[in-house]
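Sequential numbering from 1 applies to the sequence shown in full-length UniProt numbering.
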Amino acid sequence: MKPARKRAPFALPDIAIRRDSDGTVHLRSRTPPAPHPETIIDHLDRWASRTPDRTLVAERQGDGWRAVSFAEAARASRGIATALIARGIGAVMALSENSVDQALLMLGAFRAGVPFCPVSPAYSLLSRDFVKLKQIVAIVRPGLVLAEGLEPFERARAGVDFGGAEIVGDVSALAETEPGDLPTVSGDDVAKILFTSGSTGTPKGVINTHRMLASNQAALGQVWPFLAERPPVMLDWLPWSHTFGGNQNLGLAISHGGTLYIDDGRPTAERIARTVENLALVRPTLHFNVPRGLDMLLPYLEADDGLRDRFFESLEFVFYAGATLPLSLWRRVEALGLAATGELPVLTTCYGTTETAPMALAAHLVLEETGVVGVPVPGVEAKLVPTGDKLQIALRGPNITPGYAGRDDLTAEAFDADGYFLSGDAVRLADPVDPNAGIVFDGRIAEDFKLSTGTWVSVGALRVAVIANCGAAVSDVVIAGHDRDAVGVLVFAKPGATVATIREGLARHNAANPASSTRIARALVMDEPPNVDAGEITDKGYLNQRRILERRSDRVWHLFAVPPARDVIVL
């Protein structure tokens, strides 16, 4: 008998579908969007009044936590807002990792109506040339910059012209400012500028308005109705310089009266132990992660029954995003949850981009395995447009960006004539007849390519399959083969992996995937890890397939050279 699954705490979807004669598919939720305030600052003030002593955000301090309550955050944000207005600040930037101070500065900027720009710490701390940071500073032109502790950012401060901006190591002096008169902030005002890199690695500043953030949280409340009864508790490492961590997860705590414990660990060999240490201190009700993060965490849960049981004790669901979760990881999460609670856990996901703030689709339906990324949430219209032999998803709604800071050309290219944002992502219906069955992610249109035979290669699906079959030998792969006779892969191997184990995994993959568009003919193990400065990887661990192929074109030629070199794995 199949084990029982934990009851999914979702509002069931009710999706309307319409088809055009040209093959375009229109999808929308029949549930009307819920009313919401102009800005999530209204939520902060509401919870500061109702639950003043509840912790909003906390960070590790010694053996415990430095915690800030809703009431303390509301008071501090008023002081910071007053200080920003008195200084005539036009934009605020943060260079540091997630922290209580950064949260307070963001809330103060929101209250003052001043755009807030959190920048990936890698651009300041890991970069050698600071090219991306210089480009971002030139676009944002901040009047105040948070560089916590100051000393770690000395190289960046010396190497980048911040245009006379005030650079502070903490926000204590700003927060202690006596609050004064503050402006009325509207939904159309800019809340954030979030930077995302295209295939060339050049940062694009995505404008996020207050309406985008507020409407997103309202939609979350509709598809996850339990939030009204049970405020979320999260331990979260996802960087606030990205929309997943900074908009969805931090915004979730602010808007729904929850608590976010900042995880100062990371899904890396050096820092995953810190995440495990932090998990022993918190009982989360929601767990958000990316597939690589789950891959790093699961061995600890599998090795420690007490940690496993504590992790699943209060958990509503495990949420993954950013990339497709390999089925092998899905089954391991299920096995852990079943052992801990006697029920299969709920796994879920959403689909969105930086331009959608981020949630556009949510999988508020029972998923039995990976693949489906959701259905349109209330207020969002999805249009699936034939593009080549695939369907590109285009989106319209209150959560969609008005454009890119300082780049009218990119803004014009990003929207169609009806105002839909063109995502560049391919999708398909899980069930051609039933739209409530969900939408399946089908890869990036710009990443897919044809072999010399004219056969299309679906990069996203193939990447997931290769990683799943190679198991512990491979951390990620890049799919190559444009206009060639067969598919090859550039391999980023896990520590301890050997050519023999990689070869075995690829052979296992080929046995199950013999078609020319899915079979791997050659592989080459990379001796250089993905390069942050070159735009090959984000600080969430996602590989930019197209950028890696461009930057490592010599390695691609080497991969397909005839006769093959000795270091090329030929299958």
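C-beta atoms are modelled at their ideal positions from N, C-alpha and C, and glycine is treated no differently.
Whole angstroms are fine: how far does the CA of residue j sit from the CA of residue i?
{"i": "residue 451", "j": "residue 513", "result": "16 Å"}
{"i": "residue 268", "j": "residue 296", "result": "7 Å"}
{"i": "residue 226", "j": "residue 314", "result": "13 Å"}
{"i": "residue 483", "j": "residue 449", "result": "8 Å"}
{"i": "residue 460", "j": "residue 89", "result": "43 Å"}
{"i": "residue 2", "j": "residue 312", "result": "20 Å"}
{"i": "residue 81", "j": "residue 170", "result": "15 Å"}
{"i": "residue 421", "j": "residue 216", "result": "16 Å"}
{"i": "residue 489", "j": "residue 562", "result": "16 Å"}
{"i": "residue 159", "j": "residue 129", "result": "8 Å"}
{"i": "residue 455", "j": "residue 423", "result": "24 Å"}
{"i": "residue 540", "j": "residue 29", "result": "Low confidence applies to residue 540: its pLDDT is 46, below 50, so where it sits in the model is not reliable, and the reading given next is rough at best. In a straight line, the C-alpha of residue 540 is about 31 Å away from that of residue 29."}
{"i": "residue 200", "j": "residue 458", "result": "Note that residue 200 scores a pLDDT of 47, beneath 50, so its modelled location is shaky and nothing firm can be said."}
{"i": "residue 242", "j": "residue 352", "result": "12 Å"}
{"i": "residue 565", "j": "residue 521", "result": "14 Å"}
{"i": "residue 255", "j": "residue 249", "result": "10 Å"}
{"i": "residue 293", "j": "residue 214", "result": "28 Å"}
{"i": "residue 10", "j": "residue 364", "result": "5 Å"}
{"i": "residue 388", "j": "residue 23", "result": "12 Å"}
{"i": "residue 265", "j": "residue 491", "result": "26 Å"}
{"i": "residue 274", "j": "residue 12", "result": "37 Å"}
{"i": "residue 177", "j": "residue 144", "result": "16 Å"}
{"i": "residue 383", "j": "residue 17", "result": "10 Å"}
{"i": "residue 551", "j": "residue 462", "result": "21 Å"}
{"i": "residue 181", "j": "residue 161", "result": "33 Å"}
{"i": "residue 131", "j": "residue 121", "result": "13 Å"}
{"i": "residue 329", "j": "residue 59", "result": "29 Å"}
{"i": "residue 523", "j": "residue 569", "result": "5 Å"}
{"i": "residue 52", "j": "residue 257", "result": "10 Å"}
{"i": "residue 64", "j": "residue 282", "result": "11 Å"}
Select from the options the residue whose C-alpha is nearest the C-alpha of residue i.
{"i": "residue 218", "options": "443, 380, 344, 511", "result": "380"}
{"i": "residue 431", "options": "463, 372, 88, 419", "result": "372"}
{"i": "residue 493", "options": "510, 475, 382", "result": "475"}
{"i": "residue 374", "options": "440, 413, 392", "result": "440"}
{"i": "residue 240", "options": "224, 220, 221, 262", "result": "262"}
{"i": "residue 299", "options": "272, 473, 40", "result": "272"}
{"i": "residue 127", "options": "552, 534, 551", "result": "534"}
{"i": "residue 203", "options": "354, 40, 429, 154", "result": "354"}
{"i": "residue 324", "options": "139, 467, 49, 162", "result": "467"}
{"i": "residue 480", "options": "417, 545, 526", "result": "545"}
{"i": "residue 386", "options": "21, 7, 8", "result": "21"}
{"i": "residue 96", "options": "62, 438, 148", "result": "148"}
{"i": "residue 517", "options": "528, 51, 485, 257", "result": "485"}
{"i": "residue 495", "options": "511, 102, 507, 526", "result": "526"}
{"i": "residue 87", "options": "166, 136, 98", "result": "166"}
{"i": "residue 150", "options": "125, 141, 135", "result": "125"}
{"i": "residue 141", "options": "155, 117, 154", "result": "117"}
Return the Cβ separation of residue i and residue j in integer angstroms, given the expectation that the two are a contact with Cβ distance under 8 Å.
{"i": "residue 105", "j": "residue 133", "result": "About 18 Å separates the two Cβ atoms, so there is no contact after all."}
{"i": "residue 15", "j": "residue 435", "result": "4 Å"}
{"i": "residue 183", "j": "residue 78", "result": "Between residue 78 and residue 183 the Cβ distance is about 12 Å, and since that is not below 8 Å, they are no contact."}
{"i": "residue 399", "j": "residue 360", "result": "7 Å"}
{"i": "residue 343", "j": "residue 5", "result": "6 Å"}
{"i": "residue 572", "j": "residue 115", "result": "Coverage of the chain is limited to positions 1 through 571, which leaves residue 572 absent and any answer about it impossible."}
{"i": "residue 478", "j": "residue 543", "result": "6 Å"}
{"i": "residue 223", "j": "residue 285", "result": "Incorrect: roughly 16 Å between the Cβ atoms, too far for contact."}
{"i": "residue 48", "j": "residue 67", "result": "Their Cβ separation, rounded to whole angstroms, is 14 Å, which puts residue 48 and residue 67 out of contact at 8 Å."}
{"i": "residue 244", "j": "residue 238", "result": "5 Å"}
Can the beta-carbon of residue i be found closer than 8 Å to that of residue j?
{"i": "residue 76", "j": "residue 175", "result": "yes"}
{"i": "residue 73", "j": "residue 107", "result": "yes"}
{"i": "residue 334", "j": "residue 326", "result": "no"}
{"i": "residue 259", "j": "residue 54", "result": "yes"}
{"i": "residue 280", "j": "residue 309", "result": "no"}
{"i": "residue 113", "j": "residue 185", "result": "yes"}
{"i": "residue 100", "j": "residue 168", "result": "no"}
{"i": "residue 391", "j": "residue 25", "result": "yes"}
{"i": "residue 289", "j": "residue 320", "result": "yes"}
{"i": "residue 302", "j": "residue 347", "result": "no"}
{"i": "residue 187", "j": "residue 369", "result": "no"}
{"i": "residue 426", "j": "residue 442", "result": "yes"}
{"i": "residue 571", "j": "residue 507", "result": "yes"}
{"i": "residue 405", "j": "residue 139", "result": "yes"}
{"i": "residue 93", "j": "residue 401", "result": "no"}
{"i": "residue 376", "j": "residue 27", "result": "yes"}
Are three or more beta carbon pairs between the stretch 204-222 and the stretch 186-196 nearer than 8 Å?
yes
Check whether the stretch 491-510 touches the stretch 553-561, taking contact to mean three or more Cβ pairs, one atom from each stretch, closer than 8 Å.
no
For the structure I just gave you, are there three or more beta carbon pairs, one from the stretch 38-57 and one from the stretch 396-415, closer than 8 Å?
no
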